[in-house]
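These notes concern the structure reproduced below.
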Amino acid sequence: GSPRHLGIHSGGMVLTEQPIGDVCPIERARMDKRTVLQWDKEACASMGLVKFDLLGLGMLSALDHMMRLSERWLGESWTLATLPKGEPAVYDMLCRADSVGVFQVESRAQIGTLPRLRPREFYDLAIEIALIRPGPIQGGAVHPYIRRATGREEVVYPHPSVEHVLARTRGVPLFQEQLMEMATVLGDCSRDDADLLRRAMGSKRGVERIEKVQKQLFTGMAAKGIVGDQADTIYRQILSFANFGFAESHALSFATLVYYSSWLKLHYPAIFLVGLLRAQPMGFYSAQSLVGDARRHDVVVRRPDLLLSAATADLEPLDPAASPPRGGLDACLVDHPERTEFVEGTPDPTPQHRRDGAYAVRMGLDSVRGIGLAVATRIVEAREERAFSDLADLSRRAGLEARQLEALATAGAFEGLELDRRRALWEAGWTERLDQLEGLRFSAPAPTLPLMGEVETMLADLWATGVTPEGHPFEHLRPMLRRAGIFSVAELSDPRGPESGRRVTVAGVITHRQRPGTAGGVTFLNLEDETGMLNVVCGAGLWRRHRALATRVNAMVIRGLLERRDGVTNLVADRLGGIEDLHPDAASALETRLRSRDFR
């Protein structure tokens, strides 16, 4: 059939020598003053047009925020060029898979690979980036590379003539450049054919394009005595890259951001969290999971406050009356050119490296439901002119609607005005309308209202901001879970805990569901409780039996076999259930306030 509408690449640009309307048909886009090409990207490439895809990275914005915060609050000025290189403690942190929020290596698959690969130098990070991609996974590169990197398998090459091509990746092709060079060395392909391979990698028509040079590849390999299974294996590796393999240059540039974000997470965990919150939405995890991870790194997170919060998240001294002490080890201030090895089982020294330990994170007013950056900025500007006398004064001067006042009240943002949440909600309903005269107001004495309990406060936080700054929802359920014989994530991850192979039960919030096309129908769940995160593996049969519940419920009780190997802990599930049997009220409340991030 014919295309019915245009799918527009938000960052795609085409350059032409002549006016573009003289080269290909164009039409107006929905956005004002924008035009789009009527040809698709494949047709543009076939006609020789120069096409660029501009990549925007939220992590770059987050890093900029972090460095500005470091200079403002600690007087420590950094740029990406001056951050110390090669610090062993940074690589130690990654070897422990402590990478939530870190660029590119925070996903379930990456966290499961880091303790096995054990990166110890910069190029290892580029390998880590390139390894967990559909191309290398389908080409069977992941496990052989890890075995060779850890000395459990000998490094061998498909043919002696490509040793110089594959030496840096231990005989395993990982990068697009390597596949192109293998095609020219082994298959006697021309540079044009190799470039065709490059363009095919990641293209929707990739397999079709690679098959065009199949005959040339096999003819060239046969001339060098590479036939049969050996030739088929090499061709299969090349073909797998049609499902997206990384360019080495791309992996190296991403690896720099992995190191920079890891360094900042290690030394400035509070600043790291603020930078990520300011750059939302981005990354693999929600703000709730990022705050939970920061809390497990001893970062104090405080809820939005009308009198204390900036428009966006920021730092504030833990003790405003004290002069904040300087923390952290000065070893982080210099480069470390010498490679060191990771010693498994040694105590985690991460807290010793923290340099912003005198500061808490104060959530911004923009984190409250229905507020946003523009309204939060108006509130702060009005507050800087003079203090707010009451909610009516706030409403009039900042131009707030009743629903916005109620959201701020639910978030506890008016405690600085000596209004608890229920009293603030009552008064929000009595604020004057924006079109009323200044000084004219309606009021009624508030009835005696009970204070919210801990669970009510937590649920109010989730509704208003999506974040529970003072604790995780499952902290309140833990005594009941212990009585039911349900383990925490930390207990399952501890080598001194239940032995590998034991059938155990765990409960938590499902933050992600992921069913990669390369996993043969297996679905992966990321389960989080107050102590950490756990990867749960659901076989195809189990998923079919529990699909209705597993796709609907966001707080689950899961039973399965514990797997602990090479520093990685997984749970192979054999039963899924909700928490309603344990705590019906909590199940209902959490389901209406929690959302998972699901991927293919």
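Per my numbering, residue 704 is the first one in the sequence shown, and the count goes up by one each step.
All residues carry an ideal CB built from backbone N, CA and C; glycine is no exception.
Which residue marks the beginning of the beta strand (DSSP E) containing Asp-657, and which one marks its end? Past the boundaries of the shown model lies residue 657; the chain is included only from 704 to 1303, so the question cannot be answered.
Considering only residues of the same chain and omitting the five flanking positions on each side of Leu-766, which have a CB-CB separation below 8 Å? Leu-783, Leu-960, Tyr-963, Ser-964, Leu-967, Gly-978
Tell me the residue span of the beta strand (DSSP E) that contains Ile-1082. Note, Ile-1082: premise wrong, no beta strand (DSSP E); alpha helix (DSSP H) at 1075-1088.
If you draw a straight line from the alpha carbon of Gln-741 to that of Met-734, how long is it in whole angstroms? 16 Å
Identify the residues that DSSP records as bridge partners of Met-750: which are they? Beta-bridge pairing links Met-750 to no other residue.
Ignoring anything shorter than 4 residues or poking outside the stretch 786-821, list the alpha helix (DSSP H) runs there in chain order. 791-798, 811-820
By the three-class DSSP mapping on this structure, what secondary structure does Arg-1136 have? The predicted model places Arg-1136 with a pLDDT of 49, which falls under 50 and marks its position as unreliable, so this point remains unresolved.
Go ahead and pull the three-state DSSP assignment for Ile-1189. coil
N- and C-terminal bounds of the alpha helix (DSSP H) containing Leu-960: 951-970
Pair within 9 Å by beta-carbon distance, Ala-833 and Phe-949: yes
Cα-Cα separation between Val-805 and Ala-997, rounded to whole angstroms: 12 Å
Going by alpha carbons, who is nearest to Val-753 out of Arg-775, Met-716, Ala-1095? Met-716
Using the Cβ count rule (16 or more neighbours within 10 Å means buried), how would you classify Val-672? What is shown of the chain runs 704 to 1303, which leaves residue 672 out entirely.
Per the contact definition of three or more C-beta pairs closer than 8 Å, is the stretch 1105-1123 in contact with the stretch 1066-1086? yes
Expressed to the nearest angstrom, what Euclidean distance is found between the alpha-carbon atoms of Asp-827 and Leu-1128? 54 Å
With hydrogens ignored, establish whether the beta-carbon of Thr-887 is closer than 8 Å to any heavy atom of the ligand MN. With respect to small molecules bound, the structure shown includes none, and the ligand MN cannot be examined in it.
Determine the DSSP secondary structure at His-1175, reduced to helix, strand or coil. coil
Closer than 8 Å by C-beta to Ala-800: which residues in its own chain qualify, once you throw out the five before and the five after it? Chain order, please. Ile-814, Gly-815, Leu-817, Pro-818, Gly-1270, Val-1271
Between the Cα of Pro-1052 and those of Val-916, Cys-798, Ala-958, Glu-1104, spot the shortest distance and give me the residue it belongs to. Cys-798
Beta-bridge pairing of Leu-1274 - partner residues as DSSP gives them: Val-1239, Leu-1265
Same chain only: Cβ atoms within 8 Å of Leu-889, ignoring 5 sequence neighbours per side: Pro-861, His-862, Ser-864, Val-865, Leu-920, Gly-923, Met-924, Lys-927, Ile-929, Ile-937
Classify Gly-842: buried if its beta carbon has 16 or more other beta carbons within 10 angstroms, exposed otherwise. buried
Taking Cβ positions, are Leu-1018 and Leu-772 nearer each other than 9 Å? yes
Say whether the stretch 1156-1167 touches the stretch 1223-1237, bearing in mind that this needs 3 or more beta-carbon pairs closer than 8 Å, one atom from each stretch. no
Spatial neighbours of Ala-1193 in its chain, beta-carbon cut-off 6 Å, leaving aside the 5 residues before and after: Thr-1234, Gly-1235
On the DSSP letters alone, give me the boundaries of the beta strand (DSSP E) that Asp-1059 sits inside. First-last for Asp-1059: undefined, no H or E at that position.
Between Ala-958 and the rest of its own chain, which residues show a CB-CB distance below 7 Å, the 5 nearest in sequence each way excluded? Phe-825, Leu-828, Ala-829, Ile-832
By the three-class DSSP mapping on this structure, what secondary structure does Thr-887 have? helix
Per DSSP, what are the beta-bridge partners of Glu-824 in this structure? Glu-824 pairs with nothing; no bridge assigned.
Hey, how far is the Cα of Arg-981 from the Cα of Met-1183? 36 Å
Rounded to the nearest angstrom, what separates Ile-723 and His-953 at their Cα positions? 29 Å
Cβ-based burial, Ala-746 [other Cβ within 10 Å; buried from 16]: exposed
Chain-order list of residues whose beta-carbon lies under 6 Å from that of Val-1078 (same chain, five-residue window excluded): none
Between the alpha carbons of Gly-995 and Ile-1189, how many angstroms are there, rounded? 20 Å
Please look up how many angstroms separate the CB atoms of Asp-795 and Phe-1045, rounded, as I've assumed it's under 8 Å. 6 Å
Is the beta carbon of Arg-1081 closer than 9 Å to that of Gly-1102? yes
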